[in-house]
Amino acid sequence: MTLDLETRIFLLRMGFVALLYLFLLVVVAVIWWDLRVAPRRAREPRRRYGQLIVVDGGGTELAPGDAFPLRPVTSLGRALTNTIVLPDPAASAEHALLTLRDGQWWLEDLGSTNGTFLNDTRLEEPTIVGEEDVIGVGQVRLKLSLGVAKR
609 MTLDLETRIF LLRMGFVALL YLFLLVVVAV IWWDLRVAPR RAREPRRRYG
659 QLIVVDGGGT ELAPGDAFPL RPVTSLGRAL TNTIVLPDPA ASAEHALLTL
709 RDGQWWLEDL GSTNGTFLND TRLEEPTIVG EEDVIGVGQV RLKLSLGVAK
759 R
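Under the working numbering, residues 609 to 759 are what the sequence shown spells out, in order.
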């Protein structure tokens with residue numbers, strides 16, 4: 609049984625249409641699943657890691673009391689690529705890094721020109737920081753607030 613050319617073309621077209629409908633069905637199923645899962649993700653509370661609060665803006669537009677939320681890896685510096693951008697000419701582009709490791713916050717200088725300070729002491733190596741510690745980057749002073757209850 610041989611099929612003529614018109615029948616073959618018709619069957620190929622029907623196969624193509626069937627594949628197109630199958631593709632559309634998969635796309636609709638993925639969208640439907642994503643729309644069902646997204647509200648559940650949105651209801652999950654985001655973990656708060658604390659914040660850095662400006663103590664002294666050092667002549668920049670930062671005002672005492674301005675707060676920056678922390679992320680598990682928080683970069684500080686003048687460049688717009690940092691997590692916290694400090695508009696201070698005395699700050700390096702990538703000045704310092706604040707990271708959460710094993711439940712503790714670590715501060716390290718990234719080879720900045722003017723150094724990074726912790727409680728007015730220049731950092732020489734990565735150091736553990738805690739509640740109420742003051743971090744100096746350029747002329748800006750930031751206090752670490754982790755939301756730890758005081759007794």
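Heads up, the beta-carbon is just placed ideally off N, CA and C, and yes, glycines get one too.
In this structure, residue 737 places its C-beta atom within 8 Å of the C-beta atom of residue 715. Considered as a whole, the segment 687–728 harbours 704–709, 712–717, 724–726 as its complete beta strand (DSSP E) runs of no fewer than 3 residues, in chain order. Here DSSP, grouped into helix, strand and coil, assigns residue 667 to coil. DSSP, reduced to helix, strand and coil, places residue 628 within a helical segment of the structure shown. The beta-bridge partner set that DSSP reports for residue 749 consists of 664, 744. Looking at the DSSP output, residue 685 shares a beta bridge with 693. Secondary structure of residue 615 (DSSP, three-state): helix. Contact check between the segment 691–701 and the segment 659–672: three or more CB pairs, one atom from each, fall below 8 Å, which counts as touching. With 16 or more other Cβ atoms inside 10 Å of its own Cβ, residue 717 counts as buried.
Between residue 701 and residue 685, the beta carbon gap of about 5 Å places them in contact (Cβ cut-off 8 Å). Beta-bridge partners of residue 737 (DSSP): 713. In the three-state DSSP reduction, residue 644 falls in the helix class (H, G or I).
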